[in-house]
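Numbering follows this note's numbering, with no gaps: position 115 of the sequence shown is 115.
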Amino acid sequence: MDPTRAFVKNVKRVVVKVGTAVVTRDDGRLAVGRLGAIFEQLEKLNSQGFEIILVTSGAVGAGCQRLKYRKMINSSFADLQKPQVELDGKACAAVGQNGLMALYDILFSQLDVTSSQLLVTDNDFRNTDFKVQLCQTVDSLLDLRSIPIFNENDAISTRKAPYEDSSGIFWDNDSLAALLATELKADLLVLLSDVDGLYSGPPTDPRSKLIHTYVKQKHQKAISFGDKSRMGRGGMDAKVKAACNAAYSGTPVVIASGYASDNIIKVLNGERVGTLFHKDAHMWIPITEIGPHEMAISAREASRRLQVLTSEERKKILLEVAAALEANEHFIMLENDADVEAARDAGYDEALVARLALKPSKIHALAESVRRLAEMEEPIGQVLKRTELAEGLVLEKKSCPLGVLLIVFESRPDALVQIASLAIRSGNGLLLKGGKEAKRSNAILHKVITSALPETVGAKLIGLLTSREEIPDLLKLDDVIDLVIPRGSNKLVSQIKSSTKIPVLGHSDGICHVYVDKAANLEMAKKIVLDAKTDYPAACNAMETLLVHKDLLASGGMQELVKELEQEGVTLFSGPRVNGAVSFSKANTFHHEYNSKACTIEIVNNIDEAIEHIHSYGSSHTECIVTDNHDVAEHFLSRVDSAAVFHNASTRFCDGARFGLGAEVGISTSKIHARGPVGVEGLLTTRWVLRGKGQVVEGDKGVVYTHKDLQTSNGY
1 MDPTRAFVKN VKRVVVKVGT AVVTRDDGRL AVGRLGAIFE QLEKLNSQGF EIILVTSGAV
61 GAGCQRLKYR KMINSSFADL QKPQVELDGK ACAAVGQNGL MALYDILFSQ LDVTSSQLLV
121 TDNDFRNTDF KVQLCQTVDS LLDLRSIPIF NENDAISTRK APYEDSSGIF WDNDSLAALL
181 ATELKADLLV LLSDVDGLYS GPPTDPRSKL IHTYVKQKHQ KAISFGDKSR MGRGGMDAKV
241 KAACNAAYSG TPVVIASGYA SDNIIKVLNG ERVGTLFHKD AHMWIPITEI GPHEMAISAR
301 EASRRLQVLT SEERKKILLE VAAALEANEH FIMLENDADV EAARDAGYDE ALVARLALKP
361 SKIHALAESV RRLAEMEEPI GQVLKRTELA EGLVLEKKSC PLGVLLIVFE SRPDALVQIA
421 SLAIRSGNGL LLKGGKEAKR SNAILHKVIT SALPETVGAK LIGLLTSREE IPDLLKLDDV
481 IDLVIPRGSN KLVSQIKSST KIPVLGHSDG ICHVYVDKAA NLEMAKKIVL DAKTDYPAAC
541 NAMETLLVHK DLLASGGMQE LVKELEQEGV TLFSGPRVNG AVSFSKANTF HHEYNSKACT
601 IEIVNNIDEA IEHIHSYGSS HTECIVTDNH DVAEHFLSRV DSAAVFHNAS TRFCDGARFG
661 LGAEVGISTS KIHARGPVGV EGLLTTRWVL RGKGQVVEGD KGVVYTHKDL QTSNGY
């Protein structure tokens, strides 16, 4: 639940207003399918005990469409050639209201819900007795689980025209909904529109950003509104005025899209849908708060300042970061201990707690990894290829940063240090979102690292997001963010991949295999299998499935491997071929990442079956074969299609630091751009630099292309 929406836990009485653009289609006819989806939500909420009050627009629009059609049917061809007189809005309202309520009654009847109609005018609310009676009637209807449906009685309203007069106690159905929410003491008002909420500018402008929480002091003068409603009287301007009136009278308001099939339910579940108006919003969100878009822009600008520094200056920054980590070890441990304690109190499993915990030795190791990064060869501006295109015309292919990275990671605060240091080394801006369970650890590490950045670069090079609700907005920023790297569960990675146009680099599962061949040295196999499973069971490169050649069952080799694992406290699950040979529980699936001291064991007939099993159930992460047969090993290494394939070495070696990359932002199972542990090189791209002496193309006349490879300063 979004913290700013926590108030919904106490909501019981809800006023829902549907605008004309929601009620009707573009051709003016009633949007039956859309209304049906809204009414299904209202029925569900009504059955859950919520008190639902509906305010509807659309009568004038629906009546206008119907009368125009009837007039056309009854007109002669000659009549149709004459200038058409605009229909009387009040007549349209009378006809449309009848049809609107007939449809509403049918829809609610299908859902076994009783509805009731209440038509009001502006003048009614000038009468105190009327307001008392109104409250009593509505209370009675709600006690009977009936849904009251309100609309302004435009047909007999004393306004000059429903579209023009904006004076009085209320002036359209948005302001009527706000008035009713106040008079009837509603806990929440939901204004459904044809857009997702309030934007900083016209919703059609790609530069406009959705405002999740409206702060009057911040947004009142900063917003420019688009066109008014397609058929109704108002538009977003009218909705904002009504929302402010209700919110500052004590009823929170959410403006959301009525086109989404479940937005009302989401609002009442506390999800970050639409735009919230609340009288206390200014206390939750600083008026000077930097939004996700501004944060991304700031990171990009800071990265460009970082890129123009000399190699020595960037190296010095990393050394300052390493020193700051060690100097602040005490404060880091205090915050991390608090996170670990909170995780245990919350009942998180030990695998997550293990990933969450930092130790002084770990902080020292992180600082050393940052120093190793600092000592690496300068990655930016390396000339990868140098070619003479023609005499005096030289082309260079040079390494350069990607730009701005968005990294979403779970649980492990040490990942923040690795990622931040790699971003600095590669000259990239960075936006980070860590798991909520590591909130305090991430905050102190971010503060320590950014405090070591010089003013010439700026602390905004690395932004730390504190709410997961900010991620959907960031995933839309394909004009600013260049790469997304999710580090976490399969669900997290899949959600991100399906929610963005930005390239995504990463892996979902870490289902790693060790295959022990019949020609394996059994003592070596025991060491490798134990290390792959028990060195750090929560790591993505830990063994999750042990494949054993069938001959080892007959020779007793498999039983020895099982004994070694069980002595180390590893829980074993069997595949179909193992059942009966040993006595432990059957695995529900081979495609499972335990992240703990547990693994699956299965028997295969030969190496090709092992490879087929890996391709069928693995995640293309890291696989290992243990064998003394060179030909068998080469067969395995050349045919297994994974990011990392090992011979006689633990899967735990698949790590950026162990590969000599200094650190890693993650391990990619993708095949585009980077694969396996992604270090500095994986965060770089290339650009072309051409130096000439006034040459022009002119249809290639007079240009003699040589395309001669030249030696680069790097020795290529």
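All C-beta atoms in this analysis are idealised placements derived from N, C-alpha and C, irrespective of residue type, glycine included.
Rounded Cβ spacing between residue i and residue j (contact assumed at less than 8 Å)
{"i": "Asp414", "j": "Leu358", "result": "6 Å"}
{"i": "Gly270", "j": "Val8", "result": "5 Å"}
{"i": "Ser668", "j": "Ala644", "result": "Incorrect: roughly 10 Å between the Cβ atoms, too far for contact."}
{"i": "Asp473", "j": "Pro292", "result": "4 Å"}
{"i": "Leu188", "j": "Thr251", "result": "7 Å"}
{"i": "Val689", "j": "Lys398", "result": "6 Å"}
{"i": "Leu553", "j": "Ala581", "result": "6 Å"}
{"i": "Tyr536", "j": "Ala610", "result": "Wrong, their Cβ atoms sit about 24 Å apart, outside the cutoff."}
Beta bridge counterpart(s) of residue i as assigned by DSSP
{"i": "Tyr705", "result": "Ala390"}
{"i": "Ala644", "result": "Thr622"}
{"i": "Leu268", "result": "Leu268 pairs with nothing; no bridge assigned."}
{"i": "Ile147", "result": "Ser115"}
{"i": "Met543", "result": "Cys512"}
{"i": "Val16", "result": "Leu54 and Val190"}
{"i": "Lys397", "result": "Lys385 and Trp688"}
{"i": "Lys586", "result": "Ser574"}
{"i": "Pro677", "result": "Ile667"}
Nearest candidate by alpha-carbon position, reference residue i, set the options
{"i": "Val18", "options": "Asn263, Cys244, Thr500 and Leu406", "result": "Asn263"}
{"i": "Ala423", "options": "Glu564, Ile502 and Val457", "result": "Val457"}
{"i": "Thr651", "options": "Ala674, Glu681, Gly662 and Ala525", "result": "Ala525"}
{"i": "Leu561", "options": "Lys44, Thr600 and Ile607", "result": "Thr600"}
{"i": "Pro379", "options": "Ser489, Trp688 and Leu684", "result": "Leu684"}
{"i": "Val55", "options": "Asp26, Gln97 and Met543", "result": "Gln97"}
{"i": "Lys362", "options": "Leu384, Leu352, Glu326 and Thr387", "result": "Glu326"}
{"i": "Val404", "options": "Arg425, Arg300, Leu356 and Leu522", "result": "Arg300"}
{"i": "Lys433", "options": "Gly427, Arg425, Leu445 and Arg691", "result": "Leu445"}
{"i": "Gly392", "options": "His707, Leu30, Ala31 and Asp26", "result": "His707"}
{"i": "Ile38", "options": "Leu134, Val417 and Ser261", "result": "Ser261"}
{"i": "Leu103", "options": "Ser489, Phe130 and Gln117", "result": "Gln117"}
{"i": "Met283", "options": "Val308, Thr213 and Arg314", "result": "Thr213"}
{"i": "Cys400", "options": "Asp482, Arg371 and Ile496", "result": "Asp482"}
{"i": "Pro360", "options": "Phe331, Leu309, Asp349 and Asp345", "result": "Phe331"}
{"i": "Arg25", "options": "Phe125, Tyr259 and Ala296", "result": "Tyr259"}
{"i": "Leu575", "options": "Tyr248, Thr545 and Asp655", "result": "Looking at the sequence provided, one finds Gly at residue 575 rather than Leu. Residue Thr545 is the option with its Cα nearest to Gly575."}
Same chain, Cβ closer than 7 Å to residue i, neighbours up to 5 away in sequence not counted
{"i": "Pro454", "result": "Ile317"}
{"i": "Ala459", "result": "Thr450 and Leu453"}
{"i": "Ser229", "result": "Interpretation of Ser229 is limited by its pLDDT of 47, a score under 50 that renders its predicted location unreliable; the figure taken from the coordinates is listed afterwards. Within the same chain, Ser229 has close Cβ partners Gly19, Thr20, Ala21 and Gly235."}
{"i": "Val23", "result": "Leu30, Ala31, Leu35, Thr56, Ser57 and Gly58"}
{"i": "Asp709", "result": "Thr387"}
{"i": "Leu142", "result": "Glu51"}
{"i": "Asp479", "result": "none"}
{"i": "Glu593", "result": "Asp509, Gly510, Ile511 and Glu544"}
{"i": "Ser499", "result": "Pro472 and Leu475"}
Sub-8 Å separation of residue i and residue j beta-carbons
{"i": "Ser303", "j": "Gly429", "result": "yes"}
{"i": "Gly662", "j": "Ser369", "result": "yes"}
{"i": "Leu35", "j": "Leu107", "result": "yes"}
{"i": "Val578", "j": "Glu602", "result": "yes"}
{"i": "Leu191", "j": "Ile149", "result": "no"}
{"i": "Leu184", "j": "Val138", "result": "yes"}
{"i": "Ala186", "j": "Val15", "result": "yes"}
{"i": "Ser115", "j": "Ser146", "result": "yes"}
{"i": "Val408", "j": "Pro503", "result": "no"}
{"i": "Ile614", "j": "His513", "result": "yes"}
{"i": "Val394", "j": "Arg691", "result": "yes"}
{"i": "Tyr199", "j": "Ser208", "result": "yes"}
Contacts around residue i, its chain only, beta-carbon distance under 6 Å, and the 5 residues preceding and following it disregarded
{"i": "Ala238", "result": "Asp172 and Asp174"}
{"i": "Ser441", "result": "Glu335, Asn336, Asp339 and Pro413"}
{"i": "Ala343", "result": "Val353, Leu356 and Glu437"}
{"i": "Glu396", "result": "Val383, Arg386 and Val689"}
{"i": "Asn595", "result": "Ala351 and Ala538"}
{"i": "Gly435", "result": "Glu410 and Ser411"}
Same chain only: Cβ atoms within 8 Å of residue i, ignoring 5 sequence neighbours per side
{"i": "Gly699", "result": "none"}
{"i": "Lys44", "result": "Ile265"}
{"i": "Val704", "result": "Ala390 and Glu391"}
{"i": "Asp531", "result": "Ser650 and Arg652"}
{"i": "Val493", "result": "Pro486, Val504, Gly506, His507 and Ser508"}
Within-8 Å CB hit, residue i to chain C
{"i": "His282", "result": "Of the protein chains in this structure there is only one, and it is not chain C."}
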